[in-house]
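**Student:** First to last, the sequence lines map onto chains B and U. According to our numbering, the stretch in the first sequence is residues 2 to 353, in order. According to our numbering, the stretch in the second sequence is residues 2 to 353, in order. Cβ atoms here follow ideal geometry from the backbone N, Cα and C, with glycine treated the same way. This structure is a prediction, so every number in the text was calculated from the model and none was measured. One structure is given below, represented as structure tokens, and several questions about it will come after.
There are 2 protein chains.
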Amino acid sequence: MVDDRQGAGADRLRANDSPAGLRARLSDVAAEANVTKSVASRVLNQDPTLKVREETRARVAQAAERLGYQPHSGARALASGEAGALALLLPDLSNPVFSRILRGAFVRALARHYMVVVVEEDPGVEATEQVTDLVRSGRVDGLLIGTARPGHPLFERDLAAFPHVFVNRPVAGSHRNVYLDFREASALAVEHLLSLGHRRLAHIAGPVDVTSAHEREKGYQAALASHGLGRGPVVHGTFDEEGGAEATSRLLRRHPEVTGVYVSSLTQAVGVLHAARALGRPAPGGLSVISFDDSPLARYLDPPLTCVSTSLEELGERAVDALISQLEGQLVGDVVISGQSNVVRRQSTAPV
Amino acid sequence: MVDDRQGAGADRLRANDSPAGLRARLSDVAAEANVTKSVASRVLNQDPTLKVREETRARVAQAAERLGYQPHSGARALASGEAGALALLLPDLSNPVFSRILRGAFVRALARHYMVVVVEEDPGVEATEQVTDLVRSGRVDGLLIGTARPGHPLFERDLAAFPHVFVNRPVAGSHRNVYLDFREASALAVEHLLSLGHRRLAHIAGPVDVTSAHEREKGYQAALASHGLGRGPVVHGTFDEEGGAEATSRLLRRHPEVTGVYVSSLTQAVGVLHAARALGRPAPGGLSVISFDDSPLARYLDPPLTCVSTSLEELGERAVDALISQLEGQLVGDVVISGQSNVVRRQSTAPV
DNA sequence: CTGAAAGCGCTTACAG
DNA sequence: CTGAAAGCGCTTACAG
């Protein structure tokens, strides 16, 4: 059964609307501005080869404005071969890290007249298929990949040839990476702990096969080395609270002498604080804890968590820029975001 | 400067590809299956009016499979007037509440052959424009609105006629609401506190103008009333840690006699635990705290937080179903998700 | 320099 | 019942 009002309403803004409807077409704009469709299209798309009087240009712009003209995305995609949209592949939307990258990407893409379509990889196999469909159906022009792991199924086949950029998780040798300077951030964390007098440090890392986690780990070892200290202990855990808690108990069992720990992510750090407390080593007295990345939550933990802040939004922005450059035929190479990290001191770290 | 490999690669999967390219068109499928485009299209779209031998049907399906055929979304949108996509408007992606709704919506939409495009309202004015563009450019067929507040600018104009559903934040009288049974959840929370012997309860609510928050508040008062207790104190705060903390200090200043508090959201609850501790009333000894909604984080807070779990994923799923029904011309009416909530007891609540 | 016309890849009345 | 043909709303060589 169909409700009349609703039925009518539902159709009002549809693509194939009656001329009297709300949707204005290019031909309407052209008619209103007294030019041909070609000219209207070229003016609106800022075709540099078009030479017309400034007055005509203004007339077209005004007509478009007045009619609330918005080109039909499907028609444009069909005619030009460009979808005007980018896909962003993320492993886990519930992790604030990714929602911040997403936010940056979103805003930047919008400013450059692209949409962003988010795909979460977490639910499993389907995600990969979904991306393939997205690409093959011409819905997106390029991929922002925040889910790269070695041997990712997506990139063994045709899709490797599709425009893409790796965000946050660099793939060695791809020359398509956009990521934070993890070494720098790790150095800052280690130096903070060192400045408080800690000498027996440890690192709670992310999963072994996640490159961004591996980079932090390398940064930690490099920082120790540069201060004349030997390699420090590392335990790996998943990027969630449980992973942090579990890693902490392994660490303190094997290395009870550790007094300061640098944690790979904020979600893990919540688990670290929890486990340290449960094991009779509450921060900061029992264990100094500093985490990679910051968020509002950190201020309200017990104790408030000392962090190395990062610029995840900028990461999203720069990734969009890099991908669009690629679409425009430019080779970009890796972009590393440096000089933005700094230590936010709270109460989870204290002098030894 | 253009890298040859990249240039070639970038074009490979484009819409306007050479016939020898990777992208198969409907005409390719038709040729391969030895039928006309019309038949191929009808078979693939399961047109019920089409009568053909089962064998032909199978041949078309196989051809499509073999060629990896994926219809061009723009062409389809242009010809049929349906975009095959839904927009989801959310106030804040970094809040896990919304990422869970999103996840549910995503998976369900995919199963029903729709994409979902996320729009975050937080950054401000632009979001509304973005939605308008999305609609007018024919990119989406309907709206899942998780950002409703009274007087939302979107719905004062044309867009009111566009298919939409309100998710999580019901709009009275719209008959297009999909939401959790907030009353039920609030009753559970109040009863839990009561069962522990608490009699002086309070509620830390969300912003006054957010309907879902208001519903929880009403549920809290209703539950008190049904147990023969008078109206309890309520303080409002924003839906974040700071809002919870700030509300707590106001509450304890004005109502120091309170022993148990029901908090409107998990993010606020983090701030509540923090403030209670800072004010010398640490949970659960100084104050019993139970929160609406659950998440992995809750287990790792100090103390681990007692929660009323909710089924936010289902909320997303049901919203998609309701919207698709609407697109198909059916009137749905409100859908309230009940009987799914239950109390997850942890250490933030204790007998009085 | 500009306009008429073809064409992008589909869907779907409509004629046979 | 099925196929040929028109048309969705754009963009863009190409002819004038």
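1. From B:Q47, B:L144, B:G238, B:H73, pick the residue whose C-alpha is nearest to that of B:L90; which is it?
2. Note down, in chain order, each residue of its chain lying with its Cβ closer than 8 Å to the Cβ of U:L225, except the 5 sequence neighbours on either side.
3. Would you tell me roughly how many angstroms separate the C-alpha atoms of U:E185 and U:A88, rounded to the nearest one?
4. Between which residues of its own chain and U:N343 is the CB-CB distance below 8 Å, once the five residues before and five after are set aside?
5. In angstroms, rounded to a whole number, what distance separates the CA positions of U:Y180 and U:V333?
6. Spatial neighbours of U:E121 within its chain, please: C-beta separation below 6 Å, excluding the five flanking residues on both sides.
7. Let me check understanding here. Comparing Cα to Cα, which of B:V235, B:A277, B:S289, B:L197 lies closest to B:E242?
8. Below 8 Å, how does it come out for the segment 195-215 of chain U and the segment 234-254 of chain U: are there three or more Cβ pairs, yes or no?
9. Short of 6 Å in beta carbon distance, which residues of its chain neighbour U:P171, apart from the five on each side in sequence? Order them along the chain.
10. Using three-state DSSP, classify U:T307 as helix, strand or coil.
11. Check the Cβ-Cβ distances between B:L181 and every residue of chain U, and say whether any is below 8 Å.
12. Thinking C-beta only, is B:L298 closer than 8 Å to U:V271?
13. Is there a Cβ from chain B that is less than 8 Å from the Cβ of U:L94?
14. Going by alpha carbons, who is nearest to U:L79 out of U:L51, U:D294, U:D142, U:L328?
15. Quick one: which chain U residues come within Cβ less than 8 Å of B:P297?
16. Would you mind sorting U:Q131 into buried or exposed? The rule is 16 or more other CB atoms within 10 Å of its CB.
17. Any C-beta of chain U sitting closer than 8 Å to the C-beta of B:Q348?
18. With 8 Å set as the bound, which would you pick, yes or no: does the beta-carbon of B:I301 sit closer than that to a beta-carbon of chain U?
19. Is U:Q47 buried or exposed, if buried means 16 or more other CB atoms sit within 10 Å of its CB?
20. What are the residues of the segment 307-336 of chain U that lie near chain B, defined by any Cβ-Cβ distance shorter than 8 Å?
21. How would you list, in chain order, the residues of chain U whose beta-carbon sits under 7 Å from the beta-carbon of B:E121?
22. Taking 8 Å as the limit between beta carbons, can you name the residues of its chain near B:A223, skipping five residues before and five after?
23. In angstroms with no decimal places, state the Cα-to-Cα distance between U:R140 and U:G85.
24. Going by C-alpha distance, which of B:V262, B:V337, B:G330, B:S296 is nearest B:P352?
25. Compare the beta carbon distance of B:S292 and B:D182 with 8 Å and say whether it is the shorter of the two.
26. Cβ of U:A161 within 7 Å of any heavy atom in the ligand HEM?
27. I'd like to know if the segment 310-323 of chain B and the segment 101-114 of chain B are in contact, where contact means that at least 3 CB-CB pairs between them fall below 8 Å.
28. Closer than 6 Å by C-beta to U:V119: which residues in its own chain qualify, once you throw out the five before and the five after it? Chain order, please.
29. Span of the alpha helix (DSSP H) holding B:G244?
30. Could you pull the start and end residues of the alpha helix (DSSP H) that U:A80 belongs to?
31. What is the residue span of the beta strand (DSSP E) that B:L202 lies within?
32. Tell me where the beta strand (DSSP E) around U:F163 begins and ends.
33. Under 8 Å, Cβ to Cβ, is there at least one residue of chain U near B:S196?
34. Please identify the residue among U:L313, U:R77, U:S265, U:S312 whose C-alpha is closest to the C-alpha of U:R290.
35. Cα-Cα, which of B:V345, B:Q341, B:Q348, B:D335 is closest to B:G174?
36. What does DSSP give as the partner residue(s) for B:E121 in the beta ladder?
**Tutor:** A quick look at the data gives this:
1. B:L144
2. V191, L202, G231, R232, G233
3. 29 Å
4. L189, V309, S310
5. 13 Å
6. L91, L94
7. B:A277
8. yes
9. N178, Y180, T212
10. strand
11. no
12. yes
13. yes
14. U:D142
15. D241, E242, E243
16. buried
17. no
18. A small correction: the amino acid at residue 301 of chain B is Tyr; Ile does not occupy that position in the sequence shown. Yes, B:Y301 counts as interfacial toward chain U.
19. exposed
20. Q327, L328, G330, Q331, L332
21. R104, F107
22. R184, S187, A188
23. 8 Å
24. B:V262
25. no
26. Absence of the ligand HEM from the depicted structure is noted, as is the absence of any ligand whatsoever, leaving it without description.
27. yes
28. L89
29. 242-255
30. 74-81
31. 202-206
32. No beta strand (DSSP E) contains U:F163, which DSSP labels as neither H nor E.
33. no
34. Here residue 290 of chain U is Val; the residue named in the question, Arg, does not match the sequence. Residue U:S265 is the option with its Cα nearest to U:V290.
35. B:D335
36. B:L91
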